[in-house]
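Under the numbering used here, the first residue of the sequence shown is numbered 16, with each subsequent residue one higher. To start, the structure itself, in structure tokens.
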Amino acid sequence: MNKKDSELEIQSKSCSQCNNTKLLEDFPFIKKRGYRSTQCRLCLNAKTRTRRSNGYYKRIKELRNRPEAKLQEKLTQKRYRQNNRDKMNKYSREYYLKNKRALKLKRAIYNEKNREKLRAWDRKWRKNKYRTCVKFNLNTKMSRHIGLVLKANKNNKTWESLVGYGLDELQSNISKKFTDGMSWEKYVAAEIVIDHILPKELFEYTSPQEKQFKMCWSLDNLRPVWVNDNSSKSDFLPDGRRARNLSKEEKAIFIEKYFNSNQPI
Ligand SMILES: [Zn+2]
């Protein structure tokens, strides 16, 4: 082999398909693999044409679209994300920072176009969460009920900041008051409700800063009851009288008496 031949050797190679010796640039560089194809462009093009005409790509697509294949693919991706969490986080952070404005615009356009769909999805998510997650259910109910009684006076404050205790404290307090057969599963299934021992109608307040508001919504005045238990319904007091028949003074006396005696009525 003379010098000229060896130079030609470096700049060319033979195709694994047609065996013709061709220039290197006739073998496409496969970026993903980091080396040049072993087949020349002409052979590769012929292969693509054949595969297209005999339905090879169509079959591949169909195989990938099978539900079990899609599930498998999902699991593979999930595993990859789990095993490369730091790398993925770093990548998405960088991508987000680089494309912040475009992404925000894209998201806004998408939200605008799919407003109804997104709203329906959100409703469905909440409904399911409400029926399955005790904390979400408790939180929603407290927020909604306190919002209803205070109306504008709630001033966008959280219910926790108004009543002076939190979700965990509420949950553990109610748990302690469970009677036979009660459970949080039954609570989210709406078989149990949280009841005011002294009915809400007994208390008079216009703002959450007032003592009567705090008393009405205090843990001492809340208990779990079966939804079908009539004794907890309406404005009946523990002694059988109705709150609506009491004067303002009588109501105040009743409340004081209840909160000063450590005996639950
Ligand atoms: Zn070839």
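The C-beta atom is built at its ideal place from N, Cα and C for all residues, glycine as well.
- In DSSP terms, what H211 is bridged to: As computed with DSSP, H211 is found in a beta bridge with L237.
- Item | Span of the alpha helix (DSSP H) around K68 | First, the amino acid is wrong: residue 68 is Ser here, not Lys. It spans 56 to 68 - the alpha helix (DSSP H) in which S68 sits, taken as one unbroken run.
- Thinking C-beta only, is P239 closer than 7 angstroms to I212? Here I212 is not near P239, since their CB atoms are 7 angstroms or more apart.
- Whole-angstrom distance between R138 and G196, CA atom to CA atom: 31 angstroms
- Task: Could you check the C-alpha separation between E77 and Q97 for me, to the nearest Å?
- Result: 28 angstroms
- Query: Beta carbon of Q32: closer than 6 angstroms to some heavy atom of ligand 1?
  - Reply: Inclusion of Q32 in the 6 angstroms shell around ligand 1 follows from its C-beta lying nearer than that to a non-hydrogen atom of the ligand.
- Going by DSSP, name the residue or residues bridged to V38. The residue you asked about is not Val; residue 38 is Leu in the sequence shown. BP columns for L38 point to S27.
- Query: Between the Cα of E284 and the Cα atoms of D250, R146, K150, which residue gives the shortest distance?
  - Reply: The first residue shown for the chain is 16 and the last is 280, placing residue 284 beyond what the model contains.
- Could you tell me the boundaries of the alpha helix (DSSP H) in which V242 lies? Looking at the DSSP string, V242 is not in any alpha helix (DSSP H), and its letter there is neither H nor E.
- Message: Tell me which residue opens and which closes the alpha helix (DSSP H) that N188 is part of.
- Response: 182 to 191
- Ends of the alpha helix (DSSP H) at G162? 149 to 165
- Task: Below 8 angstroms on the Cβ atoms is my guess for Q224 versus I270; work out the distance and round it to an integer in Å.
- Result: For a cut-off of 8 angstroms, the C-beta gap from Q224 to I270 is around 17 angstroms, too long to register as a contact.
- Message: With a threshold of 7 angstroms between beta-carbons, can D195 be considered close to chain B, or not?
- Response: The structure shown contains no chain B; it holds only a single protein chain.
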